[in-house]
Amino acid sequence: MYNNRLLYIPILIFAFISLIIVIIWFKSGLYFGGAEVGISPYYNPARFLNIQKYIWWGDVAPGMLVPMFISGVPLYFVLSIIASFVSPLFIQVILFFGLLFLMGYGMYLFSLGVIGKEKYNYAIMAGVFYMFNSYTMVEVWHRFLYTGFFLTASLPILAIFWKKWITEESFISLGLFLLTNLVFVYMFGNLTSVITIWILLLFITSAHIIFPWIGKKIFLKVLYRFILGFLLFIGTNLWWLLPVFSVSTGILPEQHSNEENIFTIANISKQTVLPFTLQLANPYYLFSTHELGVIYSNLLFLLLPWIPAAIIFIGLLSSFKKKLLAGLSIFFLVSILLVKGAAGPFGYPYIWGFMNIYSLAILRNPFEKLGVLLIFLASFIFAIGLEAISSWTREKIGSLFSKFIYIGIMISILIYAFPMFTGGVFNNPNYPFRVNIPKYYNDADNWFRLQNGASGNILHLPFPSRDVVTYNWENGYHGVEINEVLFTSLPSLTRNVGIKRVDDTLKSLSFIFGKPYSDDKNQILKILRSLNVQYIVLHKDTRWEDTSTYGKDTKLNNPSKIEDTLNNLEFIEKSAMFGDLEIFKLKDQFYQPKITFSDKIDLFFPGESNILQSLFFTTKNNQITPLDQNFDTSLLKNSSQIIIFPESILYNWEGSKDVLNNILSQIVKNPQENSSPFYQINKAEKYFSQTGELLSQILTNKIISANNSLIDFIKRKNSGDNNSAESILNDYSNQIDSIFTKDFSGSSLQKQFTPLIERVFILHLYALENLSPKVNDKLKKYLVSNNVLPNYLLNKEEINSEVERRVQRFSIPIDSRYELIMTNANTLKLYPDVLPKLNILLDGKKISVQVSENNNNINLGETELKKGIHEISYNVVPSVNLAPSLDKFTSEGTSKISDNQIILDANGQTGGAFKFPIQGVSGGDVYQVSFEGLFENPREFYLQVVENTQSEDNPHDCSKISCYPMNPGLQTTQWQNYFLTLNPLSLASTDANFQIILPTINTSANYSSSLEIRNIKIYRVMDNNLVLKKNVTDQLESTPSAKLVEFKKNSSVEYEGKFILEKPNFIFFKETFSPGWELSLISNGHHLYPSNHYLANLYSNSWFIANPGNYEFKLEFKPQGKVMQGFYISILSWFIVFSLIVGIKLKRRSIR
Amino acid sequence: MKVVIRYILFPIILLMLFNFLEYGFSWARWDQLFYPILLTSLTVIIFFKTRLRKFFLLSALFLLGVMVLTYLLGQLDLANLIGSFSFALLIIVASSYIPKFIKEGFIEKF
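Quick note, the sequences are listed as chains B and W, same order.
According to numbering that gives the first Met the number 0, the first sequence is numbered sequentially starting from 0.
According to numbering that gives the first Met the number 0, the second sequence is numbered sequentially starting from 0.
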């Protein structure tokens, strides 16, 4: 047992330090919020509790599945009780004090247990180091992730109890270990906390049994304790583990691809190289963004972290000589290897793991996720090192000097962590972390509470394109959107929900209140009804011009423009105003409840369309999208029309025999010829090598090898060396397998270099056509299944030189005749005499078309299609040059026009620019720009596109508009060709200016730069969509044939009520689609469970009910049941824990 | 047999291991083999000439010091190169003490 001095004096020390820090942090009377946690968990914890006790967050309309945050429930429960007595500020003060104190005191107790009671002053220093090292300062406090706060604070306590359990088989310690997990369960909101904890526990256990080896008998005993402890951990945490691991939405895409994960680990690892990891530093925040101050790049501050690093290494060597300490020190070295990720040395296993084990992606940022292991082990090794230095200096130089060094080291650590003592640790130059929510939010919330009959959603405008907002509050706010917490009486439609299809539908809310879409009032009403909107809150306090929050389409977010639109909608009335909040209401006669019915629907297959393309084809009917591959033909009886968008689209290049022969013979003769696709692929390899996209780099290398094999094969075939040719063909065949069987689909290589890859493999196919039909077939299958080539290639005899085609792949649900429609007819005027040139092919065969124009679409006539996959393609025709004549160009700065050339000059005082309007702009357009340039003193210049959705206040600011930096190349007297394909315009853009800028050279420069430009050409890439449409019945619209009699919301996961159907109907439930939602019906005492669950209106749920009658219904989110199942098992596990504690206690007492 | 294991099989396994740890299963580039061969050679020396362990331990620590110096001089790439090598060396030296750690739990002398 520890004596009082060992326990209480450190308590006072760490309490004093923690108290001083929180007094400094909170002296302004404001609490901290924003970033990824918003105002959780301090502001209105009861509201958080209400939302997060369900894994379905119904109050974040239209609803989202968030199973992992259910682990926050115990904390919210406790805080909601405390919040009845104290302010959010006080809750945060108490919590931060507690966390700081536990970090220091916990580490002190752990170190005391490891290095010995007599060295308690060094154990205190371990605690101080744990609190004030670079990692804790930046990755824990500055990163502002609460799960990280809780993990760092709980880790020493967990380690203490676990060590005692493992070494002494103390069941009370096991119980306390499990209880600590329960108290800090909030940290499991980040699943990696589980991994971090168990790696540490594994280290502690292994160090105990291996270093030194304690014999098989004790090993088995410890192993049994480890397994029992692990099983009880799982059991007692099953109430949140079970829903997290057993629930998915079914339409949720993978969060990140393998490619993205490997890209992330490779790039993060550039920041975790040993010179940074060993000083426990995150270079991004300390040295790049300088968020904690530029002082961290000062030489003294670059030097300071190496003082503790050196002491840790001294401690490491010293601990190797101490029994019981060496084991943990070895694991310190292992933890460095784990934390530095793919950085050298020995970094490849991470890359290999990410390539082969998808779930490892959870550790995409190992320094952030596992770094706490490093500081945990470093802290007590630091204490050992400090002791070693103190003893050595005491012995060699004297006690006074020893104390002087000891104090000097500690001061250096505290100086380095000075932002912890000034509050600067929460510095963010652009978005301060301090929050003071304006009072008018509370007033508005109270107003909503008083509204009778309010039951729909509150739509918050401007609607952000992501889940982040920035407010112009007195102290500002930047972070995750929080309206669902500020408005407590109704669900808030305030941000995206993280499901691609649903988010695309929600994106319509960013467009419909701005020109030109705001003119279509019926569409606005339909969308508001479809999303169950009853109220709209216009936030005039948003920092809507902030492009890093809202994107570059700032004009769409302008609250005063949105207000103009809302004031002009006759179905909306202004209801109240509180400060900068304006509240509108959908008039009662226009509002539709959460449950609606429809006896006629549109069958809608959205394919790859975006929401604006989809909206163009909506009618007054609701839309149903069957998700099941087996199409239910009974749906047809109740459909008015079928709309089918292409499932996938690809641009396909093909050449005539002459063209392909020429290219191939050139390649065989000289593979390094610059213009050949085989040579161009090397550029892709270099590109991926620079960007760190390792998977694509590997794939590119494999394609290069396959190219070489093919050339070798052709050469040997041509020389008649058939035997070795066959062996090379075998190698080639294996290389093709290795390219396409894994990772190619969805890779950056496929996404970014599609035309090049396609050209390369068109050549491969052509070469193999006669030389090896078998391999040719195999390759073609790969190319088609990976969306590189269409299934139907052109007959080469019919190709005149080269042709590019846009191929749309459709999935047809039933045999029928369909109208073929080409969208966006307005843009076709940019392609002279385009229609006869289109050469429309269905599955490779030409079809005759009868053209008629209708409402910005071109109807190309009807065609018969069988159920299954079909390809419809057309020739891509070049547009006219969209750059106007030079007299329409506007010059700025030093630019001038002479001899059909534009001349831009730049020097230390001024730069040059010119601009011109692009003709015939349409939202989403993609342009290709080419021009010739002649440089004197080449330097970087910019191409820019200023769209009418973007800010015009800063026409040259790359952060506000679409901007393309251009590499000028080397000084030459020759004209250089420049070519660039621009990114798609915003979907809402209707007008755009193109400009080229040669910026001012910095003022100290004493030279000038000049750029002459001629032959500017801009072409629109032909991207008109083909859509299939079928009118099923003459009765196009739904008739009222159902009535909702009663409707009640029991909770976010349960609704019930009654309705009457006069004829078969679809029931629509306006929550985000999830297979977890189940409808149960009772009619005439019979229970029914409709299984035909459809995606409705591209985001919600619908079921078809075939029989008219009176129904009672219940809608339940079934996966919520997993929480209760897990809860019961957890209760049982706790019962086992208590039984074990009591049983062992009684057994030991009876033995005594 | 012991000689075969010690001087042929053990180095080959080490070479494969170090190559995997640094570059994966790729053996395409011969210049990549230099580093695994260097680490393999050092490992063989450290494991079989135990009296040289302390020298290599001190060398690793010295190189870590050089890493700090080059880092402070702003040569991050060079610092990373030196740091990677010295840390790899430190890991190898520490691994050579593992049998001792397992047996006794600590080492009396480096």
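Every residue gets a Cβ at the ideal spot worked out from N, C-alpha and C, and that includes glycine.
Cβ pair residue i, residue j closer than 8 Å
i       : j       : result
B/P61   : B/L530  : yes
B/Q943  : B/S961  : yes
B/A443  : B/S488  : no
B/S744  : B/N790  : no
B/P1089 : B/L1080 : yes
W/I81   : W/Y96   : no
B/E544  : B/S950  : yes
B/F752  : B/A683  : yes
B/N939  : B/N966  : In the sequence as displayed, the identity of residue 939 of chain B is Glu instead of Asn. Against a cut-off of 8 Å, the Cβ pair of B/N966 and B/E939 comes out as a contact.
C-beta neighbour in chain W for residue i, strict 8 Å
i      : result
B/W239 : no
B/I267 : no
B/V272 : yes
B/I703 : no
B/W305 : yes
B/F400 : no
B/Y7   : no
B/I250 : With a pLDDT of only 39 at B/I250, under 50, the local geometry of the prediction cannot be trusted, and the value read off the model is given with reservation. Closer than 8 Å: no.
B/P348 : yes
B/L332 : yes
B/F218 : no
B/G103 : no
Neighbourhood of residue i by C-beta, 8 Å cutoff - its chain only, sequence neighbours within 5 removed
i      : result
B/A342 : S268, K269, T271, V272, L273, T276
B/N3   : none
W/L41  : F55, L88, I91
B/F577 : Y439, Y440, D442, A443, W446
B/V113 : L323, L324, L327, F379
B/L385 : Y121, M124, I310, G314, Y405, I408
B/L755 : P676, Q679, I680, A683
B/L262 : According to the sequence as given, residue 262 of chain B is Phe; it is not Leu. Here the set comprises T690, G691, E692, L693, L694, S747.
Same chain, Cβ closer than 7 Å to residue i, neighbours up to 5 away in sequence not counted
i       : result
B/W1133 : T235
B/I81   : I90
B/D711  : I727
B/L48   : V72, Y75, F76, S79
B/L1043 : P592, I594, G1056, F1058
Within chain B, partners of residue i - CB distance below 8 Å
i      : result
W/K102 : P211, W212
Min CB distance residue i to chain B below 8 Å
i     : result
W/S83 : yes
W/F46 : no
W/Y22 : yes
W/F54 : no
W/L32 : no
W/L75 : yes
W/L14 : no
W/L60 : yes
Nonlocal neighbours in the same chain, by C-beta distance under 6 Å from residue i, ignoring five residues either side
i     : result
B/S17 : F96, L99, F100
Under 8 Å from the C-beta of residue i: neighbouring residues of chain W
i      : result
B/F644 : The premise fails here: B/F644 is roughly 41 Å from chain W at the closest Cβ pair, so nothing lies under 8 Å.
Residues that residue i contacts on chain C, provided the C-beta gap is smaller than 9 Å
i      : result
B/K320 : Going by chain labels, chain C is absent from the structure shown, which instead holds the protein chains B and W.
Per-residue contacts from residue i into chain B (C-beta, under 9 Å)
i      : result
W/M127 : Given a span of 0 to 109 for chain W in the structure shown, any question on residue 127 of chain W remains unanswerable.
W/I36  : Correct list: empty, because the minimum Cβ distance to chain B is about 15 Å.
Contact set between residue i and chain W, taken where Cβ atoms lie within less than 7 Å
i      : result
B/L301 : L71
B/L323 : G104
B/W351 : G23
(message) Can you confirm whether the segment 202-210 of chain B touches the segment 157-168 of chain B when touching is taken to mean that 3 or more C-beta pairs between the two stretches lie within less than 8 Å?
(response) yes
(message) For the structure I just gave you, are there three or more beta carbon pairs, one from the segment 634-645 of chain B and one from the segment 673-682 of chain B, closer than 8 Å?
(response) no
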